[in-house]
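Here is the structure we will look at.
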Amino acid sequence: MNPTVSPVSARDRVPYSPIIGRKPFNLPNKARVAVWTIVNVENWLPENAMPRTVLSPPMGQPMLPDFPNWCWHEYGMRVGFWRFLEVLKSRGLRATFAVNGSACKVYEPACQAALDAGWEFMGHGYVQKPMHLVEDQASAIRQTMEAIRDFTGKYPRGWESPGITQTPETIDFLAEAGIEYVADWVLDDQPVPIQTRTGNIISVPYSVEVNDVVISAVQHHASDELLRRGRDQFDQLYKEGAEIPRVMAISIHPYLTGVPHRIKYLEALYDYILSHEDVVMCTGGEILDIYKQQN
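So, in structure tokens, the structure goes:
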């Protein structure tokens, strides 16, 4: 079980700070917006309940193993991931690779391709399980970080929990393990510090709006919604960024946006963003470094 700790309230960890009147956060070359892409790669275990489903169980009776929904996800790793790789490489872009530690072996060719492309590896749990259901979080975090170190040669600096879930103690365990930034706290357009019992960890802005799990798996929008929503999100941040620079996240999963009827809209979104000046395309670690240089 997790060690007994005294939970600290979220408001104590992240005191309220309006973006207006805050200490300036400046981007390189006076850019208005920093855009980072998070490619999420997960290991869904066929014998367990699926993290998400595209098909409801027949007659409302859940059955295990759930091969139809497992195969839905598996398609993403066999086919969809490679579409992502081509879209990003052809535009000179690098992603932040949020990966389950166990996926480094299960999907070794995909992970090697991400490493060869210069993507930044980010911890994403050992398997795809909410942190609330992880019996020993500290151990699972270490196991994930060690799996990534063994594969890449270095520990990850960033972390995105499965389903961006955290218990009151998760952030402390992450800081103690050496994680420098997290994507779980989706509460700002700029990096902000989160207090832990061993010092601050930085929240790099993530998104539950420009996120294909929300768009496609939860809200069931049309195939072009990522483009429409992403373009509108970018336009507003770009306008505001002339005065106060912002961060925009694009969170994608191979089994969702990597399918044939959606991939062209991801391409169109990148082409739209790249048609603008005063934009910097980053990894999560690069955004962290920009913030740390000023704080």
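Under my numbering, the residue at position 237 of the sequence shown is numbered 1052, and the numbers go up by one with no gaps. We put the CB at the ideal spot given by N, CA and C, even for glycine.
Residues that DSSP places opposite residue i in a beta bridge
i	result
Y996	G973 and I1017
A913	N855 and M937
A849	V1062 and V1095
T967	Answer is none; T967 lacks a bridge partner.
P866	According to DSSP, P866 bridges with nothing at all.
Q1010	N1015
N1026	S1066
Closest residue to residue i among the options (Cα-Cα distance)
i	options	result
R906	E1101, L1081, I1102 and Q1109	L1081
D1039	S1018, H1076, G940 and A1064	H1076
S917	L903, I963 and F936	I963
L1052	D1093, A990 and K1079	D1093
Q1034	I1078, M878 and R867	R867
G993	T980, Q958, G1045 and K944	Q958
V850	I1088, K944 and Q1108	I1088
A929	T911, A1083, G938 and K920	T911
D1050	A1083, V823 and V848	V848
V902	D1003, T980, C1097 and T1072	T1072
A864	W897, K904, K944 and L1041	K944
N858	P877, D827, I1059 and G938	G938
E1103	E984, W974 and N915	According to the sequence shown, residue 1103 is Leu rather than Glu. Of the listed residues, the one whose Cα sits closest to L1103 is W974.
C886	L1084, Y970, K1107 and Y1070	Y1070
F882	L900, D827, F899 and L860	L860
F840	D1003, A1083, P971 and K1079	D1003
L900	P880, M1063 and C926	C926
A825	P983, T852 and R898	P983
K1116	K838, L948 and R828	For the chain, the structure presents residues 816 to 1110; residue 1116 sits outside this window and is missing.
W897	V1074, T1098 and S1022	V1074
V854	T1098, S1066 and D1086	S1066
D1086	H1068, S1022 and K904	K904
Alpha-carbon to alpha-carbon, residue j and residue i
i	j	result
R909	E862	33 Å
S1018	W1000	6 Å
G1100	H1036	31 Å
E1055	R1061	8 Å
S1090	A998	27 Å
D987	Y941	18 Å
C919	F966	7 Å
E889	G836	47 Å
E1024	I1030	7 Å
Q1109	L842	10 Å
I1105	E995	13 Å
R1043	G1014	39 Å
Q1048	I1016	26 Å
V921	I1059	42 Å
I979	T985	11 Å
V1095	A1057	13 Å
M946	V914	15 Å
N884	V869	6 Å
T1011	A990	7 Å
V856	P977	10 Å
K969	M960	9 Å
S821	Q981	Unreliable placement is indicated for S821, whose pLDDT of 48 sits below 50; no coordinate value is reported for it.
L1084	E923	29 Å
M1063	M878	39 Å
L948	V1028	20 Å
T852	C1097	8 Å
R1046	K1079	14 Å
N817	K845	Its pLDDT being 45, under 50, N817 is placed unreliably by the model, and the measurement read from it follows with that caveat. Roughly 45 Å between the two C-alpha positions.
R828	P971	23 Å
N1026	V823	29 Å
P880	H1068	22 Å
Chain B within 8 Å of residue i, Cβ atoms only
i	result
A925	Among the chains of the structure shown, chain B does not appear; only one protein chain is present.
Taking three-plus beta-carbon pairs below 8 Å as touching, is the stretch 823–838 in contact with the stretch 998–1010?
yes
Assess, as a yes-or-no matter, whether the stretch 887–904 is touched by the stretch 946–958 under the definition of 3 or more beta carbon pairs within less than 8 Å.
no
I'd like to know if the stretch 865–874 and the stretch 933–942 are in contact, where contact means that at least 3 CB-CB pairs between them fall below 8 Å.
No, because fewer than three Cβ pairs between the stretch 865–874 and the stretch 933–942 fall closer than 8 Å, the two stretches do not touch.
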